[in-house]
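*Asks:* Quick one: structure below, then a few questions.
Protein chains: 4
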Amino acid sequence: MSTVAVVYFSGSGHTHLMAEAVAAGAKKVSETTVEVHRITGEQIVNGRWKDDAMMEKINQADAIIFGSPTYMGGVAAQLKAFIDAASSIWARQGWKNKIAGGFTHSSSPSGDKQGTLLYLVTNAAQHSMIWIGAGEMRQSDGTNRLGSYLGVMGQADIDFTGTKPVEVDPGDLKTSELYGQRIAELTQRFNK
Amino acid sequence: MSTVAVVYFSGSGHTHLMAEAVAAGAKKVSETTVEVHRITGEQIVNGRWKDDAMMEKINQADAIIFGSPTYMGGVAAQLKAFIDAASSIWARQGWKNKIAGGFTHSSSPSGDKQGTLLYLVTNAAQHSMIWIGAGEMRQSDGTNRLGSYLGVMGQADIDFTGTKPVEVDPGDLKTSELYGQRIAELTQRFNK
Amino acid sequence: MSTVAVVYFSGSGHTHLMAEAVAAGAKKVSETTVEVHRITGEQIVNGRWKDDAMMEKINQADAIIFGSPTYMGGVAAQLKAFIDAASSIWARQGWKNKIAGGFTHSSSPSGDKQGTLLYLVTNAAQHSMIWIGAGEMRQSDGTNRLGSYLGVMGQADIDFTGTKPVEVDPGDLKTSELYGQRIAELTQRFNK
Amino acid sequence: MSTVAVVYFSGSGHTHLMAEAVAAGAKKVSETTVEVHRITGEQIVNGRWKDDAMMEKINQADAIIFGSPTYMGGVAAQLKAFIDAASSIWARQGWKNKIAGGFTHSSSPSGDKQGTLLYLVTNAAQHSMIWIGAGEMRQSDGTNRLGSYLGVMGQADIDFTGTKPVEVDPGDLKTSELYGQRIAELTQRFNK
Chain A
1 MSTVAVVYFS GSGHTHLMAE AVAAGAKKVS ETTVEVHRIT GEQIVNGRWK DDAMMEKINQ
61 ADAIIFGSPT YMGGVAAQLK AFIDAASSIW ARQGWKNKIA GGFTHSSSPS GDKQGTLLYL
121 VTNAAQHSMI WIGAGEMRQS DGTNRLGSYL GVMGQADIDF TGTKPVEVDP GDLKTSELYG
181 QRIAELTQRF NK
Chain B
193 MSTVAVVYFS GSGHTHLMAE AVAAGAKKVS ETTVEVHRIT GEQIVNGRWK DDAMMEKINQ
253 ADAIIFGSPT YMGGVAAQLK AFIDAASSIW ARQGWKNKIA GGFTHSSSPS GDKQGTLLYL
313 VTNAAQHSMI WIGAGEMRQS DGTNRLGSYL GVMGQADIDF TGTKPVEVDP GDLKTSELYG
373 QRIAELTQRF NK
Chain C
385 MSTVAVVYFS GSGHTHLMAE AVAAGAKKVS ETTVEVHRIT GEQIVNGRWK DDAMMEKINQ
445 ADAIIFGSPT YMGGVAAQLK AFIDAASSIW ARQGWKNKIA GGFTHSSSPS GDKQGTLLYL
505 VTNAAQHSMI WIGAGEMRQS DGTNRLGSYL GVMGQADIDF TGTKPVEVDP GDLKTSELYG
565 QRIAELTQRF NK
Chain D
577 MSTVAVVYFS GSGHTHLMAE AVAAGAKKVS ETTVEVHRIT GEQIVNGRWK DDAMMEKINQ
637 ADAIIFGSPT YMGGVAAQLK AFIDAASSIW ARQGWKNKIA GGFTHSSSPS GDKQGTLLYL
697 VTNAAQHSMI WIGAGEMRQS DGTNRLGSYL GVMGQADIDF TGTKPVEVDP GDLKTSELYG
757 QRIAELTQRF NK
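Chains as they are written, first to last, in my numbering: chain A, 1 to 192; chain B, 193 to 384; chain C, 385 to 576; chain D, 577 to 768.
Written out as structure tokens, the structure is:
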């Protein structure tokens, strides 16, 4: 039995939809428990994230998949506050050899989202985690339509009217689901 | 007359010393006003940074130099919260063609500090700012001793006893001062 | 009078079309000479690039804009061979305070092209050059449709039949042209 | 039985010493075959790398560890030529789920070496490989003295006289050896 944790922040709701798809993919793998942890602004006091119960749950996972919108070319400050709070775990290398992955969303096809994924890889490496990338070629059915390899990217135009339902491209959601499944499968393979 | 703003977050105080050195270097340049803005956790409520008076001052600068410790391979969440708050300025490209630069500190010679500088360049590019790098070769007198080019790096061992005074290597401080001077001079050249 | 050099490698011809558009944009600016230098495999012997006459011309430019397809998530080896050959210029900081920019092409919307631009910024910083990014928001007329800020990205689907004419999206070409113009204008402003 | 391949380019010989240390570490692990493949300029004709026999050997490895000096802030053109040649393997995802790692050397403590490692991670992700980072904290005995996490960094001052023996810091060699061992062990765990 292995546990996959999806830890993410979402502002507009797009990254939340991707997180749900990643979780759905991981749930397809037998002998896998999936936990979804949404980081919120309320957990941040004086610029520092704190939620001991949530962190304790995350500490027990075999894989951690990090999700964030790309804000100004990088992870959202809220997810970074969570990551900075995990520096105490880094100091004792508490996540060493756990599996890691990442996904991100923005309103442009590129939108400097690769920078967000490069950062998430860097953070995972500091924890001595093992990084699993997207694992899919760009396909005509929409799978990995944006051509991202370090992790999964999603994209949706900004709705300036604020009246449309929050939606992510079906291809991006499918890629997210395949990614959750891939990570759950490789986590099992690594820990058996 | 041109204005150089140094905007930084500092936790342990090392980045603060670098910010002071950058400011001191910029002040050496005639016809230059230097402003130093320290980001604090108190400005962040529910994960979002807000200080309208400080932002208004920064908006009026001709150059903005961003400073942050490298936490977990990236900018501190506190500085990222400031950067995310500036996304409203990005939307109207309010910092277009301003001069930009960056500096960072951590306890290791590498410490993945280049990732922090790569991020700061990315953010500046989103604002259509013009990036000025360190501009110094590695020299035997300690100037750019770490060999960083995108911006200035500082390094000091962690004092686990917490009893020693906060200090940054003299070579790193000298590099910081030269950097402030370089940016102030190029800002004048660009705006004359 | 200022000189803008466009230095690029192109395999399939897409990056060549972008280079022509960048050059056309720069030529719109009065008092600007534009030179286009195409790196070829023939200039590379035993893994090392050498063309003294071309390098001498590039050395005299006020701005250098670097272009490369994104191959396997980075600059083409051929352009890298040129860049490595310029390390002798780096050692004497011969390009210090020249203006720099970059553009890249691949077959996917993301395609890890941001990594190529992050590398080109890093190289320019080692030379103490001043980096100018794309400078355009994503617009409905196709300008910066991919949402790239560090430099300009182009994208075209791979033609596996090899029978179609080589084409780059009109929006990407327009963005390239605006970029050449932007760099030429800022080069003049910086050197007047 | 698993096979670990070390594929590297070395100009001055420093990266070669690191490659030997990585290989020595991997050899400590039972049931592991280690192969060392040195990329040379002679394999590059008209800018393109070609050595079918070497590539065929690399294709059969369970893990590939990439090594390169950091030249002008990135991988050497020679290693990039090898990487570009492997794009035909990428197209059929022939290295999917192989283990990957990387190491690099330059003459400065930072020297923008992180950029090289970020690139190697990106390339590995395009191949759907699984990335293993350095896995060591910075320790007083010299292990990971530079504080690099994505892979291993080595540093030695340039000998401008050209008369001294080529040497790499003992701490960096130890870190390289531990890295080879770590990758060999995790490769076994992943494939058992």
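We put the CB at the ideal spot given by N, CA and C, even for glycine.
Just so we're clear, the structure is a prediction, and the values are computed from it rather than from any experiment.
Establish whether the CB of residue 294 of chain B and some CB of chain A are separated by less than 8 Å.
*Replies:* Residue mapping note: residue 294 of chain B aligns to position 102 of the second sequence, counting from 1. No, because no Cβ of chain A sits closer than 8 Å to the Cβ of residue 294 of chain B.
*Asks:* Between residue 435 of chain C and residue 661 of chain D, what straight-line distance do the alpha-carbon atoms span, to the nearest angstrom?
*Replies:* Counting from one through the third sequence, the residue named residue 435 of chain C turns up at place 51. Counting from one through the fourth sequence, the residue named residue 661 of chain D turns up at place 85. So the alpha carbons of these two residues sit roughly 24 Å apart.
*Asks:* In terms of alpha-carbon separation, which member of C:414, C:420 and C:399 lies closest to residue 407 of chain C?
*Replies:* Numbered from its first residue, the third sequence carries residue 407 of chain C at position 23. Out of C:414, C:420 and C:399, C:420 has the C-alpha closest to the C-alpha of residue 407 of chain C.
*Asks:* Bridge partners of residue 32 of chain A, per DSSP?
*Replies:* The count along the first sequence starts at 1 and reaches residue 32 of chain A at position 32. Per DSSP, A:2.
*Asks:* Identify, in the order they occur along the chain, each residue of the same chain with its Cβ nearer than 6 Å to the Cβ of residue 247 of chain B, setting aside the five sequence neighbours on each side.
*Replies:* Counted from its first residue, the second sequence places residue 247 of chain B at position 55. Closer than 6 Å at the Cβ level, and outside the excluded window around residue 247 of chain B, lies no residue.
*Asks:* If you compare alpha carbons, which of A:191, A:60, A:148 and A:76 is closest to residue 171 of chain A?
*Replies:* Within the first sequence, residue 171 of chain A is the residue found at index 171, counting from 1. Comparing Cα-Cα distances from residue 171 of chain A to each of A:191, A:60, A:148 and A:76, the minimum goes to A:148.
*Asks:* At a cut of 8 Å, does the region 344–352 of chain B reach the region 689–704 of chain D through at least three beta carbon pairs?
*Replies:* Counting Cβ pairs under 8 Å, fewer than three are found: no touch.
*Asks:* Nearest-angstrom Cα distance between residue 403 of chain C and residue 390 of chain C?
*Replies:* Position 19 of the third sequence, counted from the start, is the residue given in the question as residue 403 of chain C. Position 6 of the third sequence, counted from the start, is the residue given in the question as residue 390 of chain C. The alpha-carbon atoms of residue 403 of chain C and residue 390 of chain C are separated by roughly 7 Å.
*Asks:* Would you please verify whether the beta carbon of residue 382 of chain B is less than 8 Å from any beta carbon of chain C?
*Replies:* Taking the first residue of the second sequence as 1, we reach residue 382 of chain B at position 190. It does; some Cβ of chain C falls within 8 Å.
*Asks:* Is it true that the region 316–331 of chain B meets the region 367–384 of chain B, where meeting means three or more beta-carbon pairs spaced less than 8 Å apart?
*Replies:* Result yes; three or more Cβ-Cβ pairs closer than 8 Å.
*Asks:* Return helix, strand or coil for residue 165 of chain A, following the three-state DSSP convention.
*Replies:* Counting from 1 along the first sequence, the entry for residue 165 of chain A is found at position 165. It is coil, neither helix nor strand.
*Asks:* Pair every Cβ in the region 105–112 of chain A with every Cβ in the region 66–77 of chain A, then say whether three or more of these pairs are closer than 8 Å.
*Replies:* Segments in contact, yes.
*Asks:* State the start and end residues of the unbroken beta strand (DSSP E) segment that holds residue 292 of chain B.
*Replies:* Within the second sequence, numbered from 1, the residue matching residue 292 of chain B stands at position 100. Residue 292 of chain B -> beta strand (DSSP E) spans 291–298.
*Asks:* Would you check if the distance between the CB atom of residue 236 of chain B and the CB atom of residue 273 of chain B is smaller than 8 Å?
*Replies:* For the purposes of this step, residue 236 of chain B is taken as the residue at position 44 of the second sequence. For the purposes of this step, residue 273 of chain B is taken as the residue at position 81 of the second sequence. In contact: residue 236 of chain B and residue 273 of chain B (Cβ atoms closer than 8 Å).
*Asks:* Between A:14, A:128 and A:115, which lies nearest to residue 150 of chain A when the distance is taken from Cα to Cα?
*Replies:* Locating residue 150 of chain A in the first sequence gives position 150, where the first residue counts as 1. Per the Cα distances, A:115.
*Asks:* Run through chain F and tell me which residues come within less than 8 Å of residue 25 of chain A, C-beta to C-beta.
*Replies:* Going by chain labels, chain F is absent from the structure shown, which instead holds the protein chains A, B, C and D.
*Asks:* Which residues in chain D sit within 9 Å of residue 338 of chain B, going by Cβ to Cβ distance?
*Replies:* Taking the second sequence and counting its residues from 1, the one referred to as residue 338 of chain B is at position 146. Result: 684, 685, 686 and 687.
*Asks:* Out of A:47, A:94 and A:165, which has the shortest C-alpha to C-alpha gap to residue 62 of chain A?
*Replies:* Taking the first sequence and counting its residues from 1, the one referred to as residue 62 of chain A is at position 62. Nearest of A:47, A:94 and A:165 to residue 62 of chain A, Cα basis: A:94.
*Asks:* Check for me: the alpha helix (DSSP H) holding residue 78 of chain A runs from which residue to which?
*Replies:* For the purposes of this step, residue 78 of chain A is taken as the residue at position 78 of the first sequence. Note, residue 78 of chain A: alpha helix (DSSP H), 77–85.
*Asks:* When you compare only the Cα positions, how much space is there between residue 530 of chain C and residue 537 of chain C?
*Replies:* Taking the first residue of the third sequence as position 1, residue 530 of chain C is located at position 146. Taking the first residue of the third sequence as position 1, residue 537 of chain C is located at position 153. About 7 Å.
*Asks:* What residues of chain A sit near residue 725 of chain D, judged by a beta carbon separation below 8 Å?
*Replies:* If you number the fourth sequence from 1, residue 725 of chain D lands on position 149. Near residue 725 of chain D (Cβ distances below 8 Å), the residues of chain A are 122, 125, 126 and 128.
*Asks:* Please list the terminal residues of the continuous alpha helix (DSSP H) segment that includes residue 766 of chain D.
*Replies:* Position 190 of the fourth sequence, counting from 1, holds the residue named residue 766 of chain D. Taken as a continuous stretch (DSSP letters only), the alpha helix (DSSP H) holding residue 766 of chain D covers 746–767.
*Asks:* What does residue 613 of chain D pair with, by DSSP beta-bridge criteria?
*Replies:* Translated into the one-based positions of the fourth sequence, residue 613 of chain D becomes position 37. DSSP, once it has assigned bridges, lists D:583 as partnering residue 613 of chain D.
*Asks:* Give me the DSSP bridge partner(s) of residue 645 of chain D.
*Replies:* Taking the first residue of the fourth sequence as 1, we reach residue 645 of chain D at position 69. Paired residue(s): D:681.
*Asks:* Going along the region 238–265 of chain B in order, which residues come within less than 8 Å of chain A, judged by CB to CB distance?
*Replies:* Flagged, chain order: 238, 239, 240, 241, 263, 264 and 265.
*Asks:* Inspect the beta-carbon positions of residue 514 of chain C and residue 463 of chain C and report whether they are closer than 8 Å.
*Replies:* For the purposes of this step, residue 514 of chain C is taken as the residue at position 130 of the third sequence. For the purposes of this step, residue 463 of chain C is taken as the residue at position 79 of the third sequence. No, the pair does not count as a contact, with Cβ atoms beyond the cut-off.
*Asks:* In terms of residue numbering, what span does the beta strand (DSSP E) encompassing residue 539 of chain C cover?
*Replies:* Along the third sequence, one-based indexing puts residue 539 of chain C at 155. Per DSSP, residue 539 of chain C belongs to the beta strand (DSSP E) from 536–539.
*Asks:* Chain D partners of residue 306 of chain B, CB-CB under 7 Å?
*Replies:* On the second sequence, residue 306 of chain B is found 114 positions in, with the first residue counted as 1. Per Cβ cutoff of 7 Å: 686, 688, 690 and 691.
*Asks:* With 8 Å as the threshold, decide whether the Cβ of residue 132 of chain A is near any Cβ in chain D.
*Replies:* Within the first sequence, the letter at position 132 stands for residue 132 of chain A. With 8 Å as the cut-off, residue 132 of chain A counts as an interface residue toward chain D.
*Asks:* Can you tell me whether residue 192 of chain A is buried or exposed, with buried defined as 16 or more other CB within 10 angstroms of its CB?
*Replies:* The sequence position of residue 192 of chain A within the first sequence is 192, counting from 1. Exposed, because fewer than 16 other Cβ atoms sit within 10 Å of the Cβ of residue 192 of chain A.
*Asks:* Kindly list, in the order they appear in chain D, the residues whose Cβ is closer than 8 Å to that of residue 471 of chain C.
*Replies:* Sequence index remark: in the third sequence, residue 471 of chain C carries index 87 (1-based). Per Cβ cutoff of 8 Å: 647 and 648.
*Asks:* Which residues of chain A have a Cβ atom closer than 7 Å to the Cβ of residue 754 of chain D, listed in chain order?
*Replies:* Indexing the fourth sequence from 1 puts residue 754 of chain D at position 178. None at all; the shortest Cβ gap to chain A is about 12 Å.
*Asks:* Can you say whether residue 636 of chain D is buried or exposed, counting buried as having 16 or more other CB atoms within 10 angstroms of its CB?
*Replies:* Indexing the fourth sequence from 1 puts residue 636 of chain D at position 60. So residue 636 of chain D counts as exposed.
*Asks:* Identify the contact partners of residue 780 of chain D in chain C, using a Cβ-Cβ distance below 8 Å as the criterion.
*Replies:* Lying outside 577 to 768, the shown extent of chain D, residue 780 of chain D is not represented and no answer is given.
*Asks:* Please identify the residue among B:296, B:380 and B:284 whose C-alpha is closest to the C-alpha of residue 336 of chain B.
*Replies:* Residue mapping note: residue 336 of chain B aligns to position 144 of the second sequence, counting from 1. Of the listed residues, the one whose Cα sits closest to residue 336 of chain B is B:296.
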